[in-house]
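K.L.:
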Amino acid sequence: MVRQKIPGGPAVASASVAEVATTPVVEPARAFDLWEDEVRRVCGTLQVLGDRDRFGSGTIATRVFGTMRVSRITADPHAVVRHDRVASNEGGHVYVVTLLNGTARLCQDGTDITVRTGDLVAFDSSRPYTLAMPQPFTMVGVRAPHRALGVTPQKTSSITAAPWNGKTGVGALASHTFAALGYHLAELDEAAREPLGTTVGGMITTLFAERLCSAVVDPAAARQLLVLRICGYAQEHMGDSSLGPAMLARRHNISLRYLQVLFAEQGSSPARWIRDQRLERLRTDLVNPRYDHLTVSAIAERWGLVDASQVSRLFRMKYGVSPREYRRTRGETANLTPLGRAAPGWR
């Protein structure tokens, strides 16, 4: 693969770079091998299937926006398969994909559907799936952590493998937004990454909420819908130091006890979830050159972490190093994910 890193604005850190990988001009079988390696590097352990004697080219452009990773993929026909054993061992994310050109066939959770140009679909990489593109295609995919959206792997089966119409309503808005983001990955400057990450997360939450609204007669779907709304509101107000469980309960007209029950169903608590989201935003900002002039305490306060004496301890517990160590090395020698084995919920 030929890889190129395109700076996103004048000040460049690893997270602010749009990375583009393209298969070189080689014989088809070699091109397919290179493509298979790149797909696995970007998307995790997948089986890549296709006509090795006819595969010509593929390009993946990726960039990180907060907790979201956006990829624009253009390639010749092939399929990717996530197997059961790999999915259960590696953990996963929620993917939301919009087809800009071509069609795709998605199989997950016993459902087999076709996604057409302009439409969107979601799938969960913590469970097996097959995504097949029978003709040359271009798609934009957004990868989002479960915890950032307010969902768990156990709760996404009512959302996945059912397309949204990309021509009307929220589906049209999301499709156009993701398409524009995918085409302009390399042009967005550093200042745009943080707000765009929040916007993309909010767009996905809105899509999921719309889907769950159609199943509100199901008590479980109604609770999940409420959790999505609560988490969406919290993500937009994460910098407010007054944001906490009591505030969320009042804002959504529920008791604090019921709020705790809702988050317990996701394997977490409202206080823990808010804390983890704030630490994740702190971690992202620590390696952002835009904030090099700010102290760790000042950056932490941007995200409502006002108790400076606890910030270092909490950060070290989650990532294995202090905020200052993480900043000094630009995150290169620190853990990129929370310490410990990934749990199925938000722990």
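Numbering follows the UniProt record's numbering, with no gaps: position 114 of the sequence shown is 114.
Each residue gets a CB set at the ideal place from its N, CA and C atoms; glycine is no exception.
1. Hey, quick one: how far does the alpha helix (DSSP H) through Tyr183 stretch, first residue to last?
2. Helix, strand or coil: how does DSSP classify Pro10 here?
3. Is the beta carbon of Arg290 closer than 7 Å to that of Glu190?
4. Where do the ends of the beta strand (DSSP E) carrying Met238 lie?
5. Kindly indicate which residue of Leu207, Gly202 and Asn101 has the alpha-carbon position closest to the one of Thr168.
6. Rounded to whole angstroms, what is the Cα-Cα separation between residue 351 and Trp303?
7. Along the chain, where does the beta strand (DSSP E) containing Thr284 start, and where does it finish?
8. Between which two residues does the alpha helix (DSSP H) harbouring Val306 extend?
9. When the Cα of Leu279 is compared with those of Ala264, Gln235 and Leu248, which residue comes out closest?
10. Which runs of the beta strand (DSSP E) at least 3 residues long sit entirely within the segment 86–151? Give them in chain order.
11. If I follow the unbroken alpha helix (DSSP H) through Ile299, where does it start and stop?
12. Could you have a look at Gln224 and say whether DSSP puts it in helix, strand or coil?
13. Going straight from the alpha carbon of His252 to that of Val70, what length do you get?
14. Does Leu188 come out as helix, strand or coil in the three-state DSSP assignment?
15. Taking the CB atoms as reference points, tell me whether Met133 and Gly102 lie closer together than 7 Å.
16. Can you give me the Cβ contacts of Gly150 inside the same chain, cut-off strictly under 6 Å, excluding the 5 residues immediately before and after it?
17. Val70 bridges to which residues according to DSSP?
18. Going by DSSP, name the residue or residues bridged to Gln47.
19. Since Leu294 and Pro323 should fall inside the 8 Å C-beta cutoff, what is the C-beta to C-beta distance between them, to a whole number of angstroms?
20. Just checking my contact of Leu131 with Thr117 at CB under 8 Å: how many whole Å lie between their CB atoms?
21. Grab the span of the alpha helix (DSSP H) containing Phe263 for me, first residue to last.
22. Let me check one thing: in DSSP terms, what residues is Trp164 bridge-paired to?
23. Can you name, in chain order, every residue of its own chain whose Cβ lies under 7 Å from the Cβ of Leu185, other than the five neighbours on each side?
24. Determine, using beta carbons only, whether Thr67 and Pro145 come nearer to each other than 7 Å.
25. Exposed or buried, what is Gln310 when buried is set at 16 or more other beta-carbons lying within 10 Å of its beta-carbon?
26. Between Arg330, Ala308 and Thr74, which lies nearest to Gln135 when the distance is taken from Cα to Cα?
27. Is the segment 44–52 touching the segment 25–32 in the sense that three or more CB pairs, one from each, lie closer than 8 Å?
28. With H, G and I counted as helix, E and B as strand and the rest as coil, what does DSSP make of Thr198?
29. Go to Arg290, then tell me how far its alpha helix (DSSP H) extends in each direction, as first and last residue.
30. Using CA coordinates, which residue listed in Arg105, Ser157 and Leu188 is at the minimum distance from Thr114?
31. Note down the Cα distance separating Ser57 from Met139, rounded to an integer number of angstroms.
32. Please say whether Ala161 and Asp109 have beta carbons closer to each other than 7 Å?
33. Could you check what DSSP says for Glu19 in three-state terms: helix, strand or coil?
34. Which residues does DSSP list as the beta-bridge partners of Gly58?
35. Should Val306 be labelled buried (16 or more other beta-carbon atoms within 10 Å of its own) or exposed?
P.N.:
Considering the structure as presented:
1. First-last of the alpha helix (DSSP H) with Tyr183: Gly169 to Tyr183.
2. Unreliable positioning characterises Pro10 in this predicted model, as indicated by a pLDDT of 32, which lies under 50. A coordinate reading is not provided.
3. With respect to the 7 Å criterion, Glu190 and Arg290 are classified as neighbours on the basis of their beta carbons.
4. Secondary structure note for Met238: it is in no beta strand (DSSP E), with a DSSP letter that is neither H nor E.
5. Considering only Leu207, Gly202 and Asn101, the residue with the shortest C-alpha distance to Thr168 is Leu207.
6. Nothing about residue 351 can be read from this structure; the chain reaches only from 1 to 347.
7. No beta strand (DSSP E) contains Thr284, which is instead part of the alpha helix (DSSP H) from Pro270 to Leu286.
8. No alpha helix (DSSP H) contains Val306, which DSSP labels as neither H nor E.
9. Closest by C-alpha distance to Leu279, out of Ala264, Gln235 and Leu248, is Gln235.
10. Segments of the beta strand (DSSP E) lying fully in the segment 86–151: 94–101, 104–108, 111–115, 120–124, 129–133 and 137–144.
11. Element bounds for Ile299: Val296 to Arg302.
12. Here Gln224 sits in helix by DSSP.
13. Cα to Cα, His252 sits roughly 31 Å from Val70.
14. Look at Leu188 here: in three-state DSSP terms it is coil, with no helix or strand label.
15. Result yes, Cβ atoms of Met133 and Gly102 sit closer than 7 Å.
16. The residues are Val227, Leu228 and Cys231.
17. According to DSSP, residue pairing for Val70 in a beta bridge involves Arg63 and Val142.
18. DSSP lists Val81 as partners of Gln47.
19. Leu294 to Pro323, Cβ: 12 Å. No contact.
20. Taking the Cβ atoms as the reference, Leu131 lies roughly 15 Å from Thr117, outside the contact range of under 8 Å.
21. Under the DSSP assignment, Phe263 falls in the alpha helix (DSSP H) whose first and last residues are Leu256 to Ala264.
22. DSSP, once it has assigned bridges, lists Leu120 as partnering Trp164.
23. Hits under 7 Å: Ala18, Ala61, Arg63, Val70 and Arg72.
24. Yes, the pair counts as a contact, with Cβ atoms nearer than the cut-off.
25. Under this definition Gln310 is an exposed residue.
26. Considering only Arg330, Ala308 and Thr74, the residue with the shortest C-alpha distance to Gln135 is Thr74.
27. The segment 25–32, when compared against the segment 44–52, does touch it at the 8 Å Cβ threshold.
28. Here Thr198 sits in helix by DSSP.
29. Premise fails: Arg290 is in no alpha helix (DSSP H) and is neither H nor E.
30. Looking at the Cα atoms, Arg105 is the closest of the given residues.
31. Those two C-alpha atoms are separated by around 15 Å.
32. Taking 7 Å as the Cβ cut-off, Asp109 and Ala161 qualify as a contacting pair.
33. Looking at Glu19 - three-state DSSP - the assignment turns out to be strand.
34. In DSSP, Gly58 forms a bridge with Ala75.
35. With fewer than 16 other Cβ atoms within 10 Å, it is exposed.
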